[in-house]
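*Asks:* Going down the list, the sequences are from chains A and B.
Under numbering that gives the first Met the number 0, the first sequence has 45 at position 46, and the numbering climbs by one with no breaks.
Under numbering that gives the first Met the number 0, the second sequence has 147 at position 148, and the numbering climbs by one with no breaks.
The C-beta atom is built at its ideal place from N, Cα and C for all residues, glycine as well.
This one's a predicted model, so the numbers in the text were calculated from it and none came from an experiment.
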Amino acid sequence: MRRGLPPGASRIAIAVAFLVLLGAPPVISSFLLSLLTQAVIYAVLAMSLDLILGYIGLSSLGHAAYLGIGAYSVGILATRHGASFWTTLAVGVVLATAVAAIFGLVALRATGVYFLMITLALGMVVWGLAHRWVTLTQGDNGISGVPRPNLGLAWSFSSGIPFYYLALAGFFLALFVLRRIVTSPFGQTLVGIRESESRMRTLGYNVWLHKYLGFVIAGGTGGFAGVLWAYYNGFVSPSDLELATSVEILLMVALGGRGTLVGPALGAVLIVGLKNLVSVYTHRWLLILGGVYIGTIVYAPEGVVGAIRQWTKGELRMGKKAAVSILAAMVLVAFGEPPAAWAQKGAIRIGVITAMTGGAAQVGKDMTNGIAMWLDEHGGTIAGRKVEVIVEDSQGQPNIALTKLQKLVESDRVHVLVGEIFAHIGYAMAPKVDEYRIPMLYPVIAADDLTQRKPAKWVVRTGWASSQPNHPFGEYVAKTLGYKRVVTVAIDYAFGWEQVGGFQKTFEENGGQIIQKLWAPLNTTDFAPYLSQIKRDADAVFALMVSISASRFPKQYQDAGLKARLPLIGGGTTFDEFVLPSLGDEAIGGMSPLIYSAALDTPVNKKFVAEYRKKYGKVPSYFSETSYTSTRWIAEAVRAIGGDVENREKFLEALRKVEIPDAPRGPIKLDAYGNPIQNIYVRKVERKDGELWNTVVHTFPAVSQFWKYKPEEFLKQPVYDRNFPPCKHC
Amino acid sequence: MDFWISQLFNGVSYGALLFLLAGGLSLIFGMMRIVNMTHGSYYLLGGYVALTVTWRNGPFLLAIVVGTLAIAFIGIAEWNAFLKRLSGQELGQVLTTMGFALIFQDLALVLWGGDPYMLPVPALLSGSYTVGRLYFPVYRVFIIVVAVFIALVLWLALERTRIGAMIRATVDDPEMARGIGINVYAISMAVFALGATLAALAGVVAGGFVGVYPGADFEILPYAFVVVIVGGMGSLKGALIGSLMVGLLDNFGKALFPELSYFTLFAPMAAILAVRPTGLFGRA
């Protein structure tokens, strides 16, 4: 008895899949549509890798490089030179092809594990340039504000459905071209080489040239995917080029079935769906993704399409099992769209986007703790309406944050959003928030221009602006501490530039001199190369560190013999409550300014700290405080409009008018530009009862982001940057 | 001059840490050709286990022992359950070990939370030596001493003992080795465990220097690979020289050409590979 599928079934399946791809957009939610758009773009990338993996038979660990080259071509040309879609497309594809042509010369000298390792090194070269060549790529800030393409057609690609069809057209084009290639004599030769290189060589084929051409075509196609990716996201960042991305593309190809083109495309759909949909249900989605990696190799080494082929031939029952289980998983993914939150009609829904996994997971935890604590204290209701909080994990990645934003707004229909940690994600989200016309509170993101030169109407900042604490601090250091010559060491991205810039401006206006500026990348583990350059004739060192780097910097500073000679001062995050528990005596004496200190000696704050410790077993950080206060902020606004959060314009207006006289950090209200006017505390790290605390030594009351300057005058200067203010005394 | 001496010292001490991390990986590569993306996780987990020991008031030395042994067992389990079946399938190895790396990453987040920690080090190892105007942190000297010690032990074990000879024979030709009665299975498992142990040791040592924090696994992984490919797989000498090169290039690149700092690290690697695809001391 024949156990297989009827012949022709796969053709029918493919035809159905294409019809679904073409016909789905008007039917599905826009959240699913955005996932589908991402999936077809990734499908192009996966198919291009399939040319190397499936047809040449080599595993590459550097394929994300081509995605990055295409994406950065768009990012740089479209934002700085106003280049058109066709120009960026041509440059992206040509550049990726050219890079692949160079890399191929190096990589194809090896096979097997060696090929894997060489492509890894080459991929890291491109990643390293994206990450550190800050003048070209903006480094860790990424490039935001890439406009959607304008092809001079009647419809605009700025909305979801037309752009989906553009991406789909790209996908069909890539599929068509690659299919022509693999079915041509050239492609058949590649398969021959994969099966037996020596036989093909004996038959007189130029083996190397065939492999080389295949490698280069794959690179160019990867660049094409990168171009679409950058236009889809609207920004580019080094995270797209990480090693993990390269491995993920490999997984897509293996999961779908290498050497089949359609399989990898299917793999891309599965993985994009898995990453975005599973993380809606559980923050432990990484465990599941890890399981898929292992399960693919153990149960379906030939991938979905491979398994289906085996099934069609009636060869293996294993193939049937694998195919059925994977297809079932796919159906689950497709229909597993989170149910809209209509069940709880009448509740006020707050959507929270923050990192719950990855390097910044603890910041996300501090934030959600702050929000939960305020709600617990107030019976989980605001103005008589129940409150429902929906937390989404951005994984610290801009494109995931945007997808989750869409999910919260469109599927969950939240009334207000709170969230995020990183400035580049904040910049990427702001235009979307304006597009959706939904109020969003930024309790943490401090990028100056969000409330200065590039304000977003619907974003309400409840935290602070990067340079805000440092304006008074610069004056304090020059006048009160009396330091005249200061060296700065700071993390090399916008937050660091703005912190140093704000400090430098007022410090130099009060007679100080910045005599050296050193910049270390965000993920610096070893500060020795920078510490040993510090000019020894300074009076003090101003350091701006964040989270992990803050936890290791003071120790390395002390070990380098600097602490005894040059006092260490810094930006608020260098010594904030987030890192203090991981620091020792080396941090004592460190001075920094911030909008908050857990040691603040007011009854409100003492109560807040005591309650927070009781509940979560640790001292609250400013992340906890700003999120706690943001929740109260929402409550005040909701009360002011009598609970009518459905009227968004009115809600936004009320949010902008909120004044809180007694937050744990002190009195707060917004200025005309939407940034809080609040106290700035100069703090000194001291040991009290065996713990480190930021004792407040001076308070600057009611400080605005513009300090003592007139806003109009202040805004005439460019945003603080690596080279602004220039280092006159270096 | 001061600048060059202290940068040289920094580069060498960072290279020493990389040698601990990559020495074992190189042997694993040489013998089993296993591409192990979990190697960074051993480094991460080693640091975390050691941290737990010090939190329970265990001494630093005990933290090292417990941290490395625990990870050795994880390595053995992973190898036995999955990796030994995947010899010769690079794709399968990459994906399986990547799966484990993601699972370990998430479990670490569940078990230890996301806060960054510094591993407390004994007072004996804090502070710095002063020579003229130069400062040499004691802990960095300690890292160099540990690396030199491990390198010596490994060299003696490989070159002067019977087991070492069996390992070398298995690296050179596993089938011949099996043919003359060497238990290749046991030898492979032992080498895999050794690699995991050394990665965990690097993680513990690094815990007192750069800290223990989520994300350390994938941050350090490319460095380990680069050391191995430049030095040549399966060569201890290669791993040593590769580590020093990477440590120095990284350090001087960051100090002299900050904008191109990773380029100055990875591009010479690619150039070496273009000339010698099997690395400086590797054999195809």
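1. First and last residue of the alpha helix (DSSP H) that includes H470/A?
2. For T402/A, count neighbouring Cβ atoms within 10 angstroms of its own Cβ and tell me buried if that reaches 16, exposed if not.
3. Kindly indicate which residue of A489/A, A253/A, D538/A, F162/A has the alpha-carbon position closest to the one of Q512/A.
4. Can you look up W463/A in the DSSP assignment and give me helix, strand or coil?
5. S58/A CB to nearest chain B CB: under 8 Å?
6. Is L440/A helix, strand or coil when you go by DSSP?
7. Relative to the C-alpha of L94/B, which residue among N509/A, E247/A, G7/A, F223/A is closest?
8. Note down the Cα distance separating R730/A from R159/B, rounded to an integer number of angstroms.
9. Can you tell me which of the three DSSP states V235/A falls into?
10. Helix, strand or coil: which one does DSSP assign to A106/A?
11. Are the CB atoms of L104/A and V252/A within a distance shorter than 8 Å?
12. Mind checking whether V229/B and G278/B have CB atoms under 8 Å apart?
13. Going along chain B in order, which residues have a C-beta closer than 8 Å to the C-beta of K364/A?
14. At a Cβ threshold of 8 Å, is A527/A touching chain B?
15. Please classify F148/B as buried or exposed, where buried requires at least 16 other C-beta atoms within 10 Å of its C-beta.
16. Along the alpha helix (DSSP H) that carries W3/B, what are the first and last residues, could you check?
17. Given a threshold of 16 other Cβ atoms within 10 Å of its Cβ, counted over all protein chains shown, does S157/A qualify as buried or as exposed?
18. Quick check: is the beta carbon of R32/B nearer than 8 Å to any beta carbon in chain A?
19. Quick one: using the 10 Å Cβ neighbour count with 16 as the cut-off for buried, is F114/A buried or exposed?
20. Is there a Cβ from chain A that is less than 8 Å from the Cβ of T277/B?
21. Using a beta-carbon distance cut-off of less than 9 Å, what residues from the stretch 502-524 of chain A approach chain B?
22. Less than 8 Å between CB atoms is the rule here; does H470/A satisfy it with respect to chain B?
23. For A354/A and I181/B, what's the separation of their Cα atoms in angstroms?
24. What does DSSP give as the partner residue(s) for M590/A in the beta ladder?
25. Give a yes or no on whether the C-beta atoms belonging to T124/A and F72/B are separated by under 8 Å.
26. Since I247/B sits in a beta bridge, which residues does DSSP pair it with?
27. Chain B partners of V578/A, CB-CB under 9 Å?
28. Start and end of the beta strand (DSSP E) containing V486/A?
29. Taking only heavy atoms of the ligand ADP into account, decide whether any of them is closer than 7 Å to the Cβ of N250/B.
30. On a CA-only basis, which of R612/A, Y595/A, R131/A is nearest N678/A? Give me that one, please.
31. Kindly list the residues whose CB is nearer than 7 Å to the CB of V170/B, restricted to its own chain and excluding five residues on each side of it in sequence; keep chain order.
32. According to the neighbour-count rule (16 or more other Cβ atoms, all chains shown, within 10 Å of its Cβ), is I180/A buried or exposed?
33. Measuring alpha carbon to alpha carbon, tell me which residue in V73/A, D720/A, A217/A, L167/A is nearest G500/A.
34. So which residues of chain A does N250/B contact, with C-beta pairs closer than 8 Å?
35. Taking only three categories from DSSP, how would you classify K403/A?
36. Please confirm if the stretch 560-576 of chain A is in contact with the stretch 374-385 of chain A, defined as three or more CB-CB distances below 8 Å between the two stretches.
*Replies:* On the basis of the data shown:
1. 469-475
2. buried
3. D538/A
4. coil
5. yes
6. strand
7. E247/A
8. Limits of chain A in this structure are 0 at one end and 729 at the other, which puts residue 730/A out of reach.
9. Three-state DSSP puts V235/A in a strand.
10. helix
11. no
12. Cβ atoms of V229/B and G278/B: closer than 8 Å.
13. G112, G113
14. yes
15. By the 16-neighbour rule on beta-carbons within 10 angstroms, F148/B is exposed.
16. 1-31
17. The residue is exposed, with fewer than 16 neighbouring Cβ atoms inside 10 Å.
18. Residue-level contact by beta carbon holds for R32/B and chain A, with a gap shorter than 8 Å.
19. buried
20. yes
21. Those residues of the stretch 502-524 of chain A placed with their C-beta closer than 9 Å to a C-beta in chain B are L517, W518, A519, P520, N522, T523, T524, ordered along the chain.
22. no
23. Counting only the Cα atoms, I181/B lies some 51 Å from A354/A.
24. I568/A, K683/A
25. The residue asked about is misnamed: residue 124/A is Val in this sequence, not Thr. No. Outside cutoff.
26. A small correction: the amino acid at residue 247/B is Leu; Ile does not occupy that position in the sequence shown. Partner(s): none; L247/B has no beta bridge.
27. Taking a Cβ-Cβ threshold of 9 Å, the residues of chain B close to V578/A are D114, P115, in chain order.
28. 484-490
29. Absence of the ligand ADP is noted for the structure shown, with no ligands found whatsoever.
30. Y595/A
31. G29, M30, G233
32. It is buried - the Cβ of I180/A has at least 16 other Cβ atoms within 10 Å.
33. Comparing Cα-Cα distances from G500/A to each of V73/A, D720/A, A217/A, L167/A, the minimum goes to D720/A.
34. D525, A527, P528
35. helix
36. no
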